[in-house]
Amino acid sequence: MKSLTRAIPYVVCAATATVCMPVWAQSSVTLYGIVDNGFGYQSSSTTLGSTSGGHSAFKMVTGVWAGSRFGLKGAEDLGGGT
1 MKSLTRAIPY VVCAATATVC MPVWAQSSVT LYGIVDNGFG YQSSSTTLGS TSGGHSAFKM
61 VTGVWAGSRF GLKGAEDLGG GT
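At position 34 of the sequence shown the residue is numbered 34 (our numbering), and the sequence of numbers has no breaks.
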């Protein structure tokens, strides 16, 4: 079970890398955005003389800095050069 828990972050990284691919649009359309994800690790150590072992957690965290966002910006010539 412990080896499965250690493998999960690697599986998540591999899945994220395969999902990311380039996107092409017309020259008048701009696609923009930020994906804000990160990994968090938390460890609790035991106190001196304690019989229980410390625990640790490794998880994926979203919105670390500013949150994820996506947008489209475009321009269309309506005729007459405007």
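Virtual Cβ for every residue (Gly too), placed ideally from N, Cα, C.
Query                                                                                                                                                     : Result
Under the three-state reduction of DSSP, which class applies to residue 12: helix, strand or coil?                                                        : helix
Excluding sequence positions up to five away, which residues of its chain have a Cβ less than 8 Å from the Cβ of residue 64?                              : 36, 37, 38
So, at 7 Å on beta carbons, what are the nonlocal neighbours of residue 33 in its own chain, with the 5 sequence-adjacent residues on each side left out? : 69, 70, 71
Determine the closest residue to residue 9 out of 40, 67, 31, with distance taken between C-alpha atoms.                                                  : 40
Which residues in the same chain have their Cβ closer than 8 Å to the Cβ of residue 66, if we skip the five residues on either side of it in sequence?    : 34, 36
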